[in-house]
Amino acid sequence: ENEHKHLSDEINKFNKILDNPKELNRVLANELKALAKTYRNARRTEIQAEVSDIKINTDVLVPDEDVVVMVSHDGYIKRSSIRSYKAS
Numbered sequence: 002e003n004e005h006k007h008l009s010d011e012i013n014k015f016n017k018i019l020d021n022p023k024e025l026n027r028v029l030a031n032e033l034k035a036l037a038k039t040y041r042n043a044r045r046t047e048i049q050a051e052v053s054d055i056k057i058n059t060d061v062l063v064p065d066e067d068v069v070v071m072v073s074h075d076g077y078i079k080r081s082s083i084r085s086y087k088a089s
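One point on numbering: in the numbering used here, the residue at position 4 of the sequence shown is 5, and numbering is uninterrupted.
This is the structure we're talking about:
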């Protein structure tokens with residue numbers, strides 16, 4: 002009996018929110034603010050007006066290793082390390 006009344010009240014509350022667009026926007030805004038407050042992080046990147054020079058260390062990007070390049074009959078190209086190729 003008590004649970005039924007509680008569930009009916011909840012259903013009525015949610016129906017009122019869904020029937021009124023302003024109320025729905027208010028509820029969504031409050032929930033988004035709560036999430037933003039809970040999961041807020043400081044910015045990890047820096048925004049600059051102008052970047053004069055970009056330096057990329059290519060040694061870190063591509064390891065120096067022997068590879069096998071395969072082309073299928075359908076024209077697909079696949080690169081694999083020799084170690085992976087021998088294992089399969």
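Even for Gly, the Cβ is constructed at its ideal location relative to N, Cα and C.
Given the structure is predicted, the values throughout are model-derived calculations rather than measurements.
Query, Result
"Cβ neighbours of V69 in the same chain (closer than 8 angstroms, five flanking residues each side left out)", "R80, S81, S82, I83 and Y86"
"V63 in three-state terms, based on DSSP", "coil"
"Terminal residues of the beta strand (DSSP E) in which V72 lies", "V68 to V72"
"Which of helix, strand or coil DSSP assigns to R84", "helix"
"K79 (DSSP reduced to helix, strand or coil)", "strand"
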